[in-house]
Structures are given as structure tokens and as C-alpha cells.
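Here the sequence shown stands for residues 67 to 288, numbered as in the working numbering.
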Amino acid sequence: MKDKISVVLVDDHEVVRLGLMALIDDLPWADLAAEAGNAEEAVRAVEEHRPDVVIMDIRLPGASGIEATRLIHERFPETRVIMLTSYADDDLIFSALQAGASGYVLKQIGSRSLIDALDAVRKGEALLDPSVTQRVINRVRQQEAQRQASAIYDLSDREMEVLAQVAKGKSNAEIANELGLAEKTVRNHVSAILAKLDLTNRIEAATYAVRHGIEQQLRRGH
């Protein structure tokens, strides 16, 4: 961890920048390297000063703070970006994180929280405002559930039939007898099913099959 970090402020409102400048001036372990009012100025400031941290507003005239963050992350990956915004929109949060932001905090937070955020990023930690953390977790879970649900469409009709039998707790030999297949063929189908669904064993496969209603899907014709 550095004893002192350099910071670039990016916000199109001068009053906001002045307030942040005063806050940083009071920190013995932070120096203000530059300030910017739009995305182009922000990227130029980072290129010139190579700061440790950028405090970036999302809403900027012209290109957004997210676009600026993406460029900074691609060209200067050693620079960490904290998104500071009034907006707690889920799509904005994910767009910012995908662009390479290390933190996302709301302008409504107190100065102590922003100092903590700067300190966390200074230490190499990612930080989200507590009010958005649970929403990020929920979104990740939702995306994972959607990914798993859609993975079923990668299965062939025969693999669906094998999976339905696995869900009933049948062995490979029993499935082979039920479906008129060679036991080796069933083993191959089970291996393919686990790979396509990103599962590790038959128990997970059976749980997946029950959760996603494999029997009903087979009756509906997959």
C-alpha cells in the first residue's frame, strides 16, 4: 500500500469538484493531481498524470463517465476508478463495473464514506456503496439462474431423456436398459450433460433436472 496516492477528480459541476478538492486536501495520504469536467479531459489528465485513483462522475457532457472509465481501464490499468454518482440504477452499476470501475459510491454518502472508499481502492480493494451491494449480488444470482436455465437448450433430445432418468436416481445400467442404449453410450451422454450444464456430478444433475422441470419439458417436446 502506498503512503500517498494521487487523485484525479472528474465532474462537470464545479461546485462538486471544489467540495471534493477540499476533502482530498485534508487527507495526509492523498494529493490532487488534476481535475476534469468531461470524459475527454479525464482521459487526457490520466495520460498526463498517471494517478493512482480517479473519482469519476457517471453523467458527463458528451461521452459518459462509463466510456471514460473503459478507456482509462484499457490504456492505464494501474489507475483505479471510483464512480461517484447520484444514480443507483442497476444497469449503470453493472455497466460501470464491466467498464473496469473498482468502486461505485453515491453522492448522497457522507465524506467519511468517500474517504473509506478512497482508502479501500488505495489498498487494491473493490468497493461498492452498501446500498447497492445487495442489488449487485441479486443481479449476479439472476444472471447465473438465467444462464443455467438457458443451458438446457444445448442438450440434445437424447441427453434430455438421460437427464430425466438421472433425476430419478437410476444408474447408468438402468438408464441403458430403459432407453435401449449401451451402457458406455449412457456414460458418454452423462459426461456431455455435466459439461454442457457446468455441473460436477450426478447429484447436481438430478437437482438441476428437478429444478428446471425436465420431465415436463420432455412431455412438451423440449
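Beta carbons are placed, not taken as given, at the ideal position from N, Cα and C, and that holds for glycine.
Leu-260 and Arg-268 have their C-alpha atoms roughly 8 Å apart.
With the rule of 3 Cβ pairs closer than 8 Å, the stretch 102-122 counts as touching the stretch 141-149.
For Ile-124, the secondary structure class from DSSP, reduced to helix, strand or coil, is coil.
In the structure shown, the three-state DSSP call for Ser-72 is strand. At a Cβ-Cβ threshold of 8 Å, Lys-173 and Leu-150 count as neighbours. Around the beta carbon of Glu-225, 16 or more other beta carbons sit within 10 angstroms, so the residue counts as buried.
Approximately 7 Å separates the beta-carbon atoms of Leu-184 and Ala-96; this is inside 8 Å, confirming the contact. The three-state secondary structure of Ala-96, taken from DSSP, is strand. Each of Ile-90, His-79, Glu-80 was checked against the Cα of Ile-71, and the nearest Cα belongs to Ile-90. Per DSSP, Ile-218 lies in no alpha helix (DSSP H) and is assigned neither H nor E. For Arg-146, the enclosing beta strand (DSSP E) starts and ends at 146-151. Cβ contact annotation for Ala-258 (same chain, cutoff 7 Å, sequence separation greater than five): Glu-225, in chain order. In the structure shown, Glu-191 adopts coil according to DSSP, grouped into three states.
Distance from Ile-218 to His-278 at the Cβ level is roughly 6 Å; contact confirmed, criterion being Cβ atoms closer than 8 Å. Excluding the 5 residues flanking it on each side, Ala-271 has same chain C-beta neighbours closer than 8 Å at Leu-229, Val-232, Ala-233, Val-256, Ile-259, Leu-260, Leu-263, Leu-265, in chain order. A distance below 8 Å separates the beta carbons of Glu-227 and Leu-284.
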